[in-house]
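Residue 80 in the working numbering sits at position 41 of the sequence shown, and the numbers go up by one each step.
First up is the structure itself, then whatever we jot down about it.
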Amino acid sequence: MVRVFDVGRVCVKIAGREAGRKCVIVDIIDDNFVLVTGPKALTGVKRRRANVKHLEPTPYKIDIPRGASDEEVVKALEKAGLLAEMKKPVKPLLEV
Numbered sequence: 040m041v042r043v044f045d046v047g048r049v050c051v052k053i054a055g056r057e058a059g060r061k062c063v064i065v066d067i068i069d070d071n072f073v074l075v076t077g078p079k080a081l082t083g084v085k086r087r088r089a090n091v092k093h094l095e096p097t098p099y100k101i102d103i104p105r106g107a108s109d110e111e112v113v114k115a116l117e118k119a120g121l122l123a124e125m126k127k128p129v130k131p132l133l134e135v
């Protein structure tokens, strides 16, 4: 069985205040929840628990250990050449 939500998978948050922003799965808590991080300095997504129903997986995957720090995630994104891709928002911000 192939796991869609595995450690290192880049996802898009589709619900909540961070909807439309990309994040990386750092740890798997159980079948329904994962630990994600942006990191906040890069995408604006804080390190927090997220429901898998609120995440949309992308084809991108980086090589990080389970429970990796934000610094390790940034280094892995640089190595994979995904920093520019992570900064691009999926959903445009509303203009006032």
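Backbone N, C-alpha and C define an ideal beta-carbon position, used for all residues, glycine too.
Handout entry: Cβ shell of MET40 (< 7 Å), same chain only, five flanking positions each side left out
Key = To locate residue 40, count along the sequence shown from 1; it is residue 1. Reliability fails at MET40, whose pLDDT of 48 lies under 50, so the model's placement of it is uncertain and no value is given.
Practice task
Can you tell me which of LEU121, GLU124, PRO128 and ASN90 puts its alpha carbon nearest to the alpha carbon of ASP66?
Solution key: In the sequence shown, counting from the first residue as 1, residue 66 sits at position 27. Comparing alpha carbon positions, the residue from LEU121, GLU124, PRO128 and ASN90 closest to ASP66 is ASN90.
Problem - Contact check, ARG87 vs ASP109, beta carbons under 8 Å - result: The residue you call residue 87 lines up with position 48 of the sequence shown. The residue you call residue 109 lines up with position 70 of the sequence shown. Their beta carbons are not under 8 Å apart, which means ARG87 does not touch ASP109 by this criterion.
Practice task
Can you have a look at LYS61 and say buried or exposed, based on whether 16 or more other CB atoms are within 10 angstroms of its CB?
Solution key: Within the sequence shown, the letter at position 22 stands for residue 61. That one is buried.
Problem - Through-space distance from THR82 to ALA123, alpha-carbon basis - result: Residue numbering aside, residue 123 sits at position 84 when the sequence shown is read from its first letter. Residue numbering aside, residue 82 sits at position 43 when the sequence shown is read from its first letter. Cα to Cα, ALA123 sits roughly 10 Å from THR82.
Problem - Candidates VAL63, ILE68, PHE72 and LEU94: closest to LYS79 by CA position - result: Here residue 79 is taken as the residue at index 40 of the sequence shown, counted from 1. Here the closest residue by C-alpha is VAL63.
Practice task
Find the nearest neighbour of LEU94 within the set ALA115, THR76 and GLY106, judged by alpha-carbon distance.
Solution key: In the sequence shown, counting from the first residue as 1, residue 94 sits at position 55. Nearest option by C-alpha distance: THR76.
Practice task
Specify whether the stretch 48–55 and the stretch 94–104 touch according to this definition: at least 3 beta carbon pairs, one from each stretch, less than 8 Å apart.
Solution key: yes
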